[in-house]
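Below is one structure, written out as structure tokens; comments come after it.
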Amino acid sequence: MPPPDSGDPSLADCLRLLDEVPAAAASSPAFRRHWPSISASLATLSAALSSPTFPPAAPAILPPLAAALEALLSVAAGGARRLGHLHTVSLVSSSAAALAQLAADARVLAAPPASAAASGQDGIDGVVARLRVGSAASRAAALEDLVSAVGSSTLPPSSSSSSAVAAVAALLDSGDLLPSSRDRAVSILAAFASSSDHFLTHESAALLPHLCRALESSAGPTAEHACVALLPLTSASRDASAAVATRGGLVALGTPRAQETALACLRNLTAGGDSDDAQRLRVDAFQDGALACVKDFLEYSDSSDGPGRAAALGLLRNLAAFRYVAEAAASSGFVGLVAAALLTTTRPATRTEAALALAELCGAVGPSSKWRKELPPDGPVVPRLVSMMEAKPVSERDAAARALAALLLAATSSSSGGGGGGYRKAFRKEERGVVNAVQMLDPAVEGGVDKRFPVAVLLAVAPSRRCRKQMVAAGACGFLQGLVDGEVEGAKKLAECLGKGKMLGVFPRT
Numbered sequence: 004m005p006p007p008d009s010g011d012p013s014l015a016d017c018l019r020l021l022d023e024v025p026a027a028a029a030s031s032p033a034f035r036r037h038w039p040s041i042s043a044s045l046a047t048l049s050a051a052l053s054s055p056t057f058p059p060a061a062p063a064i065l066p067p068l069a070a071a072l073e074a075l076l077s078v079a080a081g082g083a084r085r086l087g088h089l090h091t092v093s094l095v096s097s098s099a100a101a102l103a104q105l106a107a108d109a110r111v112l113a114a115p116p117a118s119a120a121a122s123g124q125d126g127i128d129g130v131v132a133r134l135r136v137g138s139a140a141s142r143a144a145a146l147e148d149l150v151s152a153v154g155s156s157t158l159p160p161s162s163s164s165s166s167a168v169a170a171v172a173a174l175l176d177s178g179d180l181l182p183s184s185r186d187r188a189v190s191i192l193a194a195f196a197s198s199s200d201h202f203l204t205h206e207s208a209a210l211l212p213h214l215c216r217a218l219e220s221s222a223g224p225t226a227e228h229a230c231v232a233l234l235p236l237t238s239a240s241r242d243a244s245a246a247v248a249t250r251g252g253l254v255a256l257g258t259p260r261a262q263e264t265a266l267a268c269l270r271n272l273t274a275g276g277d278s279d280d281a282q283r284l285r286v287d288a289f290q291d292g293a294l295a296c297v298k299d300f301l302e303y304s305d306s307s308d309g310p311g312r313a314a315a316l317g318l319l320r321n322l323a324a325f326r327y328v329a330e331a332a333a334s335s336g337f338v339g340l341v342a343a344a345l346l347t348t349t350r351p352a353t354r355t356e357a358a359l360a361l362a363e364l365c366g367a368v369g370p371s372s373k374w375r376k377e378l379p380p381d382g383p384v385v386p387r388l389v390s391m392m393e394a395k396p397v398s399e400r401d402a403a404a405r406a407l408a409a410l411l412l413a414a415t416s417s418s419s420g421g422g423g424g425g426y427r428k429a430f431r432k433e434e435r436g437v438v439n440a441v442q443m444l445d446p447a448v449e450g451g452v453d454k455r456f457p458v459a460v461l462l463a464v465a466p467s468r469r470c471r472k473q474m475v476a477a478g479a480c481g482f483l484q485g486l487v488d489g490e491v492e493g494a495k496k497l498a499e500c501l502g503k504g505k506m507l508g509v510f511p512r513t
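Quick note: the sequence shown uses this note's numbering, first residue 4, plus one each step.
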């Protein structure tokens with residue numbers, strides 16, 4: 004029995020009780036019905052507790068194990084006659100169920116670590132085992148230890164890290180945690196997400212409800228951690244994006260740092276083309292205040308150039324694909340904010356997203372005196388877009404062509420005398436403008452550039468004799484023939500325009 008100065012049974016006490024139960028139960032008919040289950044649990048427990056890998060002090064399992072074994076011994080010693088039949092059956096049945104659970108817990112505790120490559124991982128392996136067994140209090144203590152282990156570990160890709168995520172997911176799903184412990188669990192998931200996305204994606208179905216609940220009911224660091232954990236899930240799965248979108252709270256975050264990650268989540272949620280589901284998600288995000296959140300963030304980040312600007316601009320681009328949202332954004336000063344980001348950033352990703360957002364805003368709402376005041380034709384935006392057409396990333400060149408096409412087409416459709424032609428004039432002034440657009444028609448340019456947009460840019464300035472000469476000199480006629488055969492929108496019209504110019508002797512035949 005335990006020493007008098009200790010109220011907890013030792014490992015040796017439990018092993019002794021395990022040895023006593025079979026002999027005592029053999030003479031008692033009360034065990035007959037449950038003996039197969041009890042004997043299997045006893046064998047598993049004896050093997051696990053005798054294993055050298057079993058922790059000598061396991062407070063999560065030893066006290067309840069000793070209590071269950073002593074209850075069985077009391078029944079075998081004649082307690083059945085004293086307790087009565089019904090009470091005896093209930094006691095044996097509950098003890099058998101408890102032993103089965105304790106046997107499973109003991110097997111987990113006795114299992115060797117999955118990876119012993121580093122001492123940090125050994126610590127995580129040991130704590131993960133404790134997350135699966137014991138009371139709510141002991142699991143909460145194990146969760147605290149896992150926070151420390153995660154904080155001191157580099158978390159290399161391993162089965163140990165995957166097991167930790169699965170254990171935290173199961174713990175969240177059990178409902179046994181206090182709110183403070185749930186916050187700790189969310190911070191652990193964020194740490195694993197920062198290390199490697201795939202740890203979380205395997206458990207996305209179990210994690211999503213808890214992460215969404217953390218966003219709805221928490222603030223500050225917990226909300227930020229939830230966003231960090233959600234980011235890889237919403238990026239990897241459209242189902243996950245849809246699940247998150249049905250819950251609120253993503254945009255109601257306090258700190259700019261948390262907003263940065265939340266905006267990236269929302270950008271993932273609202274992507275998806277022109278499908279009905281994608282449009283519904285955009286409307287939901289807009290109604291929940293996403294547009295105002297984007298504006299606040301862009302105004303806040305005006306003096307900085309962090310990576311969060313690209314996420315905010317990407318979300319704006321997705322929302323502006325819905326015409327009503329585009330009109331609301333264009334009339335609320337967003338064109339000026341996007342132009343400022345385009346001109347001040349040194350990050351290719353931010354430039355690309357800014358150009359795409361500009362294309363959506365200007366293309367969706369058409370000519371508007373309000374946004375033209377925010378984006379004067381003689382300003383630096385058109386020269387910046389022309390220079391982006393020479394960028395190394397194909398995505399940046401494509402974004403520049405889309406933005407220029409939207410600006411020039413909006414100018415073309417504006418009423419005469421309204422200043423709409425100023426963008427065409429600004430483009431014609433750029434020495435490399437036409438040449439860069441023609442070079443984007445070259446089929447040798449690898450995929451990524453949608454040829455419709457450089458064609459649209461050239462069509463917008465084709466009425467200019469000088470521009471037509473530049474197009475022919477740059478080889479546009481040869482490139483256009485292949486685009487006409489491929490039925491690219493606008494290619495046939497541009498080819499006819501250039502051919503008609505030749506026939507009229509506007510410039511020499513080539």
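Quick reminder that beta carbons are idealized off the backbone N, C-alpha and C, glycines included.
Exposure of residue i, with buried meaning 16 or more beta-carbon neighbours within 10 Å
i	result
residue 295	exposed
residue 327	exposed
residue 349	exposed
residue 89	exposed
residue 493	buried
residue 258	Residue placement at residue 258 cannot be trusted, given a pLDDT of 48 that sits under 50; what the coordinates show is reported in the next sentence. So residue 258 ends up on the exposed side.
residue 484	exposed
residue 87	exposed
residue 235	buried
residue 184	buried
residue 355	buried
Same chain, Cβ closer than 6 angstroms to residue i, five either side skipped, listed in chain order
i	result
residue 275	281
residue 27	76, 79
residue 54	113
residue 283	none
residue 420	Residue confidence is low: residue 420 scores 41 on pLDDT, short of 50, so the model does not pin down where it sits. Its coordinate-derived value is still stated next. The answer is none, since no qualifying residue turns up.
residue 59	14
residue 263	311
Three-way DSSP call (helix, strand, coil) for residue i in this model
i	result
residue 493	coil
residue 269	helix
residue 314	helix
residue 457	helix
residue 422	Low confidence applies here, because residue 422 scores a pLDDT of 45, under 50, leaving its location unreliable and the question unanswered by this model.
residue 22	helix
residue 73	helix
residue 436	helix
residue 148	helix
residue 46	helix
residue 393	coil
residue 446	coil
residue 348	coil
residue 452	coil
residue 213	helix
residue 398	helix
residue 29	coil
residue 378	coil
residue 366	helix
residue 8	Its pLDDT being 42, under 50, residue 8 is placed unreliably by the model, and nothing is read from it.
residue 35	coil
residue 477	coil
residue 325	coil
Contacts around residue i, its chain only, beta-carbon distance under 8 angstroms, and the 5 residues preceding and following it disregarded
i	result
residue 411	426, 427, 430, 459, 460, 463, 464
residue 433	385, 386, 389
residue 335	294, 298
residue 346	383, 384, 387
residue 325	282, 285, 286, 289
Residue i vs residue j beta-carbon contact at 7 angstroms
i	j	result
residue 268	residue 233	yes
residue 342	residue 378	yes
residue 187	residue 146	yes
residue 172	residue 210	yes
residue 229	residue 189	yes
residue 479	residue 452	no
residue 68	residue 105	yes
residue 52	residue 71	no
residue 318	residue 360	no
residue 358	residue 403	yes
residue 364	residue 329	yes
residue 394	residue 438	no
Any non-hydrogen atom of the ligand GTP within 6 angstroms of residue i CB
i	result
residue 322	Here there are no bound small molecules, and the ligand GTP is not part of this structure.
Cut-off 7 angstroms between Cβ atoms - residues of its own chain near residue i, not counting five sequence neighbours on either side
i	result
residue 497	458, 461, 462, 465, 483
residue 455	491, 492, 493
residue 398	355, 451
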